[in-house]
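Reminder that position 28 of the sequence shown reads as 28 in UniProt numbering, one-by-one numbering, no gaps.
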Amino acid sequence: MVSGDQGTYMVAECRNGDVIGVAVAQGAQAERQSLKALYVDAAFRSHGVGSALARTALTGLDPARPVDLEVARFNRGAQRFYARLGFQAVLGSDALWRGVLPVVTMRRPAGWCETLKP
Ligand SMILES: CC(C)(COP(=O)(O)OP(=O)(O)OC[C@H]1O[C@@H](n2cnc3c(N)ncnc32)[C@H](O)[C@@H]1OP(=O)(O)O)[C@@H](O)C(=O)NCCC(=O)NCCS
Numbered sequence: 001m002v003s004g005d006q007g008t009y010m011v012a013e014c015r016n017g018d019v020i021g022v023a024v025a026q027g028a029q030a031e032r033q034s035l036k037a038l039y040v041d042a043a044f045r046s047h048g049v050g051s052a053l054a055r056t057a058l059t060g061l062d063p064a065r066p067v068d069l070e071v072a073r074f075n076r077g078a079q080r081f082y083a084r085l086g087f088q089a090v091l092g093s094d095a096l097w098r099g100v101l102p103v104v105t106m107r108r109p110a111g112w113c114e115t116l117k118p
């Protein structure tokens, strides 16, 4: 894990040391906290790597404040994945990332706790 001005970067490695996933969290000290990126090598998906990376990234943020992320509108699988981690689509948040990619903001509310989820 590496922290800098642009956020905290963490990677997942497989046994031979190859990097198979990355997560970037931003804003632990700033007004707005966000999960900026999450990616797992396609060959290693559906084994819990993405959930582990996301949970580790979120652990470094302030649980008393909300966490936002932007996800492509068409990426329904990722939206379901984030919903399981406590994120909900923010109504009316549709936007065009860099003017081309339709995205929606998802937010995990302040004080959300995985062990208390319904
Ligand atoms: C989203 C992502 C990080 C999940 O990583 P992962 O290691 O597969 O995550 P986990 O194994 O912890 O959880 C997988 C579950 O998430 C759901 N899921 C995640 N992405 C999905 C997708 N694109 N399509 C369908 N389901 C998806 C599935 O329900 C899956 O459950 P399954 O194991 O029963 O198939 C990975 O799919 C990925 O890198 N996708 C491409 C980049 C991306 O979409 N990033 C997020 C948006 S910014």
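All C-beta atoms in this analysis are idealised placements derived from N, C-alpha and C, irrespective of residue type, glycine included.
This structure is a prediction, so every number in the text was calculated from the model and none was measured.
Run through DSSP, which three-state label would residue i get?
i, result
"LEU96", "strand"
"ALA30", "coil"
"GLY50", "helix"
"LEU58", "helix"
"ALA89", "strand"
"ALA64", "coil"
"ALA25", "strand"
From what residue to what residue does the alpha helix (DSSP H) around residue i run?
i, result
"ALA83", "76 to 84"
Just curious, the beta strand (DSSP E) that residue i is in, first and last residue?
i, result
"MET106", "101 to 108"
"ARG8", "One detail in the question is off: residue 8 reads as Thr in this sequence, not Arg. Where THR8 is concerned, the enclosing beta strand (DSSP E) stretches over 7 to 13."
"LEU4", "At residue 4 the sequence reads Gly, which differs from the Leu that was named. Its beta strand (DSSP E) spans residues 2 to 4."
Use the C-beta contact count for residue i: other C-beta atoms within 10 angstroms, 16 or more gives buried, fewer gives exposed.
i, result
"ARG108", "buried"
"THR115", "exposed"
"SER46", "exposed"
Strictly closer than 6 Å from CB to any heavy atom of ligand 1: give me those residues in the order they appear in the chain. Counting only heavy atoms of ligand 1, the residues whose C-beta sits closer than 6 Å to one of them are, along the chain, LEU38, TYR39, VAL40, ARG45, SER46, HIS47, GLY48, VAL49, GLY50, SER51, VAL71, ASN75, GLY77, ALA78, ARG80 and PHE81.
Would you be able to state if there are at least three C-beta pairs under 8 Å between the region 91 to 101 and the region 38 to 52? The region 38 to 52, when compared against the region 91 to 101, does not touch it at the 8 Å Cβ threshold.
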